[in-house]
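In the numbering used here, the protein residues as written are -13 to 399.
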């Protein structure tokens, strides 16, 4: 495990934007090959027999991909104190990811450092005179593998400026908390040598029994508070102590089906939200009873994911099994019988798997789905009827708020 993919990799995998056709039927063998035709690919379009999807690098400032030993259901970025909204190349980033190995004993918590990631926008233009120095340098991937009992359903990093505490939701029913600070430091501090196999959980939440789960979130308003929700409808709160953590004996109850996602309020220390396969979103207060304070039937199918806007804390986004995602204004009678979303979008053709607001721009949103699309949205954009009159009919059905589509095609052999 642990290498970036060749940007011109094999023919079986790619991130795609353009359809390339090469139909030479009926051509003379001596004729020069015609230049391949290119057209923009739209999700849902059927591919022709001789058509392939190829990435258009000019659509991205930077696009790198990498391989890991086992598939990963979840990853999260580690704080690196390199600044936010950075634009200078080459880029560096740190993250953790959890494996889904064939056997429980082979699972790993991957700790990754990705560096020397240069701009790839002009990779298709080999004669570009404005290319940055070092543009052709290969990216570097360094990693540590921490043994983990059971496949990792979800991994979340505790917000903290210095230490690196990570929680994992295991398929065994345990929520493990690791301190991986030494492993992260070993990437950059000379003389720091660690054996990743020596890193063990500093605390394990065993309250869920053998029920696994996916819902997991650390509080940003009060460091060290962790929520975990399982498929048996239970939500447990774990609080920090002087030397470790302690989990409440009694769970929060109220959902009628699996708890799919959890989100702490970005500002209120005791308020959090949950969503469930029972189609509801609920708001809770840890100072009150173990029952929810507000509840709304948010979708017609399972609610898979939610995200609380970090800068405009009355906005929340949710995504469901039918591909619909919605935006909620918590000030507008949320929890009443006539609660409605302020916006609803049906673009994705498969379940929404992740949703997240931009950390600094409250109108920007990223959404991913099981249809292999990652979409970027600007909710501040409004439909302009006059401007749309001159738009090609092929794109008239695209919501004006949809800014970008990252389409990945997966091939199975």
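Glycine included, every Cβ here is placed at the ideal spot set by N, Cα and C. If you're wondering where the values come from, they're calculated on a predicted model, not measured in any experiment.
| Check | Outcome |
| --- | --- |
| Residue 79 - DSSP class collapsed to helix/strand/coil | strand |
| 8 Å Cβ cutoff met for residue 331 and residue 296 | no |
| Residue 230, buried or exposed, once every other Cβ within 10 Å from all chains shown has been counted against 16 | exposed |
| Proximity winner among 227, 228, 194, relative to residue 214 (alpha-carbon distances) | 194 |
| Cβ pair count under 8 Å reaching 3, the stretch 174 to 188 against the stretch 205 to 225 | no |
| Spatial neighbours of residue 66 in its chain, beta-carbon cut-off 8 Å, leaving aside the 5 residues before and after | 78, 79, 80 |
| Terminal residues of the alpha helix (DSSP H) in which residue 170 lies | 167 to 171 |
| Between the CA atoms of residue 38 and residue 252 - distance to the nearest angstrom | 44 Å |
| Close-in-space but distant-in-sequence residues of the same chain around residue 63 (CB under 6 Å, 5 per side omitted) | 81 |
| Rounded separation between residue 59 and residue 155 - CA only | 11 Å |
| Residue 59: first and last residue of the uninterrupted beta strand (DSSP E) it sits in | 58 to 63 |
| Nearest-angstrom Cβ-Cβ length linking residue 359 and residue 29, presumed shorter than 8 Å | 6 Å |
| Presumed contact (8 Å Cβ cut-off) between residue 137 and residue 90, rounded CB distance | 7 Å |
| Top-ranked residue by Cα proximity to residue 61, from 76, 181, 200, 35 | 200 |
| Between the CA atoms of residue 186 and residue 130 - distance to the nearest angstrom | 14 Å |
| As assigned by DSSP and simplified to three states, the class of residue 133 | strand |
| Distance between beta carbons of residue 139 and residue 128, contact taken as under 8 Å | Not a contact, Cβ separation roughly 26 Å. |
| Contact belief for residue 341 with residue 311 at Cβ below 8 Å, rounded distance in angstroms | 6 Å |
| Status (buried if at least 16 other CB within 10 Å, exposed otherwise) for residue 246 | buried |
| Separation of residue 106 from residue 49, as counted between CA atoms | 6 Å |
| Other residues of its chain near residue 315: CB distance less than 7 Å, five sequence neighbours each side excluded | 300, 301, 328 |
| N-terminal and C-terminal residue of the beta strand (DSSP E) that residue 156 is part of | 151 to 156 |
| Residue 170 at chain B interface by Cβ criterion, 8 Å | Of the chains in the structure shown, none is chain B; there is only one protein chain. |
| Cutoff 7 Å; reference residue 113; Cβ partners in own chain excluding five residues on either side | With a pLDDT of only 48 at residue 113, under the threshold of 50, the placement of this residue in the model should not be trusted; the figure read from the coordinates follows. For residue 113, where only same-chain residues beyond five positions count, there are no Cβ hits under 7 Å. |
| Under 8 Å between C-beta atoms of residue 57 and residue 86 | yes |
| Whole runs of the alpha helix (DSSP H) within the stretch 194 to 242, excluding any shorter than 4 residues | none |
| Three-state secondary structure (DSSP) of residue 296 | coil |
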